[in-house]
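Working notes, beginning with the structure itself.
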Amino acid sequence: MALVSFLGRLLFVSVFILSAYQEFNEFGLDGGPAAKALRPKFNVFSKHVTTQTGFDVPHVEMKHLILGAIVLKSLGSLLFVFGSSFGAYLLLLHQAIATPILFDFYNYDADKKEFAQLFVKFTQNLALLGALLFFIGMKNSMPRRSAKKKAPKTKTV
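Numbered by mature numbering (1 follows the signal peptide of the UniProt record, and there is no 0), the letters in the sequence shown go through residues -22 to -1, 1 to 135 in order.
Here it is in structure tokens:
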């Protein structure tokens, strides 16, 4: 059963590992194509946050955001494969931050083609988020093995 669990975790994080690998290879000096694609979405998200909450989102270089995403996905995946809850929390943090910014279906009318595409990707990322929450919940609900050895029973004649 441990092998099946390990393979399941490995297949699950393959999405994050491949994404981080691709972003790392394309990073360059300016953050690569990921930074160029993220910039307009982040600006729109920042405006939404400012208008809805009144809080200003600080200016952040896109290459730093992409680098942070690469680190979260890489480190989180590595730890998650070996069953670490901390790795799941890192991936959860990445998903919670990246999903509403990257898949901004709420900026489009429901009859637009972009809305449907972004909404499908948004719900797929919500499923990944749910799987991470499930893993954390199961990990926390399982009883820990006690390190104490049981005292040997005395034999009676």
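C-beta: ideal position from N, C-alpha, C; glycine also. Given the structure is predicted, the values throughout are model-derived calculations rather than measurements.
Excluding five sequence neighbours on each side, which residues of the same chain lie with their C-beta closer than 7 Å to the C-beta of residue i?
{"i": "Phe113", "result": "Ala66"}
{"i": "Thr31", "result": "none"}
{"i": "Phe100", "result": "Thr77, Phe81, Phe83"}
With DSSP run on the structure shown, which of helix, strand or coil describes residue i?
{"i": "Phe33", "result": "coil"}
{"i": "Glu1", "result": "helix"}
{"i": "Leu7", "result": "coil"}
{"i": "Ser62", "result": "coil"}
{"i": "Tyr86", "result": "coil"}
{"i": "Lys131", "result": "coil"}
{"i": "Phe(-7)", "result": "helix"}
{"i": "Phe81", "result": "coil"}
{"i": "Glu92", "result": "helix"}
{"i": "Pro18", "result": "helix"}
{"i": "Met(-22)", "result": "coil"}
Using CA atoms only, rank isn't needed, just tell me which of the options is closest to residue i.
{"i": "Phe(-7)", "options": "His72, Glu4, His42, Glu92", "result": "His72"}
{"i": "Lys25", "options": "Ala15, Ala105, His37", "result": "His37"}
{"i": "Leu50", "options": "Ala76, Gly61, Met40", "result": "Ala76"}
{"i": "Asp87", "options": "Lys117, Phe97, Ile79, Pro78", "result": "Phe97"}
{"i": "Val(-19)", "options": "Leu68, Asn85, Gly61", "result": "Gly61"}
{"i": "Gly(-15)", "options": "Asp34, Lys14, Ala109, Met120", "result": "Ala109"}
{"i": "Asp34", "options": "Ala105, Phe20, Ser119", "result": "Phe20"}
Identify, in the order they occur along the chain, each residue of the same chain with its Cβ nearer than 6 Å to the Cβ of residue i, setting aside the five sequence neighbours on each side.
{"i": "Phe2", "result": "Ile48"}
{"i": "Leu16", "result": "Met40"}
{"i": "Thr29", "result": "none"}
Just to check my reading of the structure: residue i and residue j have Cβ atoms closer than 8 Å, yes? What is that Cβ distance to the nearest angstrom?
{"i": "Leu57", "j": "Phe64", "result": "6 Å"}
{"i": "Leu107", "j": "Ala74", "result": "7 Å"}
{"i": "Asn85", "j": "Val22", "result": "6 Å"}
{"i": "Val59", "j": "Leu(-5)", "result": "Incorrect: roughly 14 Å between the Cβ atoms, too far for contact."}
{"i": "Ala(-3)", "j": "Ser52", "result": "5 Å"}
{"i": "Leu68", "j": "Gly54", "result": "3 Å"}
Excluding sequence positions up to five away, which residues of its chain have a Cβ less than 8 Å from the Cβ of residue i?
{"i": "Pro11", "result": "Glu4"}
Determine, for residue i, whether the minimum Cβ-Cβ distance to residues of chain B falls below 8 Å.
{"i": "Gly108", "result": "Looking for chain B here will not work: only one protein chain is present."}
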